[in-house]
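Worksheet: one structure, shown below.
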Amino acid sequence: MPELPEVQSICKSLAESIIGEVIHRVIVRESGLRWEVDAPGLNRLVGGRCVSSIGRRAKYILVHLEGGVILMIHLGMSGRLGLHPSGSPLAKHDHVVFELGGGRELRYNDPRRFGMVEAFEKSHYWTHPRLVHLGVEPLEGEFEGEVLYRLSRKSRVAVKSFIMDARRVVGVGNIYASEALFAAGINPKTRAGRLGLSRCVRLVECIKEILNRAVLSGGTTLRDFANLDGGSGYFSEQLQVYGREGEGCPGCGSGIRRVVQSNRSTYYCVKCQR
DNA sequence: CGGGCGGCCTGGAGGC
DNA sequence: TGCCTCCAGGCCGCCC
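Start counting the first sequence at 4; every next residue gets the next number (our numbering).
See the structure below:
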C-alpha cells in the first residue's frame with residue numbers, strides 16, 4: 004500500500020482538514036493491530052487536545068497536538084484514513100475512530116491490521132523505539148549521492164535491498180525501489196558496496212525524482228490505496244517496470260523480468276540495467 | 001554486526 | 001458456484 008508519496012499525500016489532506024480541530028475521544032473497536040492499541044492511553048494523551056500540525060517521519064504520520072503530544076499512525080500495507088460524518092455507518096475494518104468537533108470523525112481502517120496507532124509525549128520523540136534507528140529522509144538535502152556511497156561501502160547486499168533498508172534511508176518501498184533502479188540503469192542485484200560514486204549520485208537523483216513525481220501525482224494507486232476523501236493517486240500510470248512482467252521495456256523493448264529478492268518482487272530490464 | 005527469512009493478517013485474482 | 005493457491009506496496013524479530 005502506502006509508500007512514502009502516498010503517506011505524504013495523506014499528510015497534506017490531513018493538514019488541510021484537521022488542523023485546529025479537537026480530538027474529543029478515541030474509540031478503539033479492534034485493538035489487535037501490528038501492536039496492541041492502548042485505548043485508555045490514547046484517550047488520556049489525545050482526548051480533548053487540539054491538532055496543531057501534521058508531520059511525517061519515514062512512513063509514520065505524526066499528528067502533533069497542543070500540549071506536547073504526538074499521535075503516530077502507520078498505515079502498514081492496507082491502512083486508510085477517512086473523514087466521515089459522525090453516526091454514518093461504520094465500514095468493516097474501521098478499527099479506530101477519532102471523534103472530532105463539527106459532527107465529523109476520522110476513521111482508521113485496515114483490513115490486514117499491519118498498521119499501528121499510538122500516542123506519546125513529544126519528549127520521547129528522539130528515543131522512540133520505532134523511530135530511533137531510522138535513516139535519512141530521501142527527499143531532504145541530507146540524502147545525496149556521496150551519502151549513499153559512504154553508507155554502502157563494504158555492504159554485500161543487493162542494491163535494491165539496500166535502498167529499502169530503513170536503517171540507511173527511509174521511505175523507499177518496493178514499487179519505487181524498482182522504478183528508481185530502472186531510471187538509474189542499475190541492475191537491482193548489484194551489490195551495494197560495488198557501486199561507484201557516480202552511480203550512487205545517479206541513483207539518489209532518480210530516487211528523489213521518482214518520489215517527487217509520485218508525490219505530485221498524489222501517489223500510486225494499486226489495490227487499496229486511497230486518499231482521505233477516498234480518491235486515488237495517478238502515478239500507477241507512470242510506472243515503467245513495476246508490475247509489468249513480460250511487457251516490453253520502455254527503453255529497449257525487451258521483456259521486463261520479475262525476480263524475487265528478500266521475499267519481494269523486483270521488476271527490471273536485463274538489457275537496460277547492468 | 002550484517003544479512004536472510006518467516007510471520008503477522010485479510011482479501012482479490014486466477015486456475016481448476 | 002466453490003475451493004485452492006498465490007500474491008500483495010511494511011516492518012519486526014529471530015536466526016545464522
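Backbone N, C-alpha and C define an ideal beta-carbon position, used for all residues, glycine too.
Pull up the distance between the alpha-carbon of residue i and that of residue j, whole angstroms please.
i: I73; j: P141; result: 23 Å
i: L7; j: G58; result: 13 Å
i: E24; j: P5; result: 25 Å
i: D227; j: R194; result: Low confidence applies here, because D227 scores a pLDDT of 49, under 50, leaving its location unreliable; read the following figure in that light. Cα to Cα, D227 sits roughly 33 Å from R194.
i: R277; j: I21; result: 47 Å
i: I30; j: A42; result: 7 Å
i: R83; j: C272; result: 33 Å
i: V263; j: T269; result: 6 Å
i: C53; j: N266; result: 42 Å
i: L109; j: P88; result: 9 Å
i: K157; j: W129; result: 28 Å
i: E9; j: F165; result: 21 Å
i: C252; j: Y179; result: 16 Å
i: R261; j: V162; result: 16 Å
i: R116; j: G188; result: 36 Å
i: K62; j: I13; result: 11 Å
i: V120; j: E39; result: 9 Å
i: E250; j: I259; result: 6 Å
i: R60; j: L78; result: 13 Å
i: G148; j: R159; result: 18 Å
i: E240; j: G221; result: 12 Å
i: A94; j: Q243; result: 34 Å
i: N190; j: M167; result: 15 Å
i: L17; j: S55; result: 11 Å
i: S201; j: R107; result: 51 Å
i: R47; j: E19; result: 25 Å
Classify residue i as helix, strand or coil using the three-state DSSP reduction.
i: F146; result: coil
i: H127; result: helix
i: Q276; result: coil
i: V262; result: strand
i: E69; result: coil
i: E108; result: strand
i: R267; result: strand
i: G196; result: helix
i: S12; result: helix
i: R28; result: strand
i: F101; result: strand
i: L78; result: coil
i: E39; result: strand
i: E121; result: strand
i: L7; result: helix
How would you write the range of the beta strand (DSSP E) that residue i sits in, first residue to last?
i: V204; result: That residue, V204, is in no beta strand (DSSP E); its alpha helix (DSSP H) goes L200 to L219.
i: L86; result: R83 to P88
i: I22; result: Counting along the chain, I22 falls outside any beta strand (DSSP E), and DSSP gives it neither H nor E.
i: R133; result: Element bounds for R133: n/a, residue is neither H nor E.
i: V49; result: No beta strand (DSSP E) contains V49, which is instead part of the alpha helix (DSSP H) from A42 to V49.
i: S55; result: R52 to R60
**OP:** Flag this pair as touching only if the region 67 to 85 and the region 115 to 128 have three or more C-beta atom pairs under 8 Å; answer yes or no.
**Re:** yes
Original post:
Does the region 17 to 35 come close enough to the region 98 to 112 to have 3 or more Cβ pairs within less than 8 Å?
Top reply: yes
**OP:** Assess, as a yes-or-no matter, whether the region 173 to 190 is touched by the region 132 to 141 under the definition of 3 or more beta carbon pairs within less than 8 Å.
**Re:** yes
**OP:** At 4 residues or longer, and completely inside the region 152 to 195: list those alpha helix (DSSP H) runs for me, N to C.
**Re:** 162 to 166 and 177 to 187
Original post:
Is it true that the region 177 to 188 meets the region 198 to 212, where meeting means three or more beta-carbon pairs spaced less than 8 Å apart?
Top reply: yes
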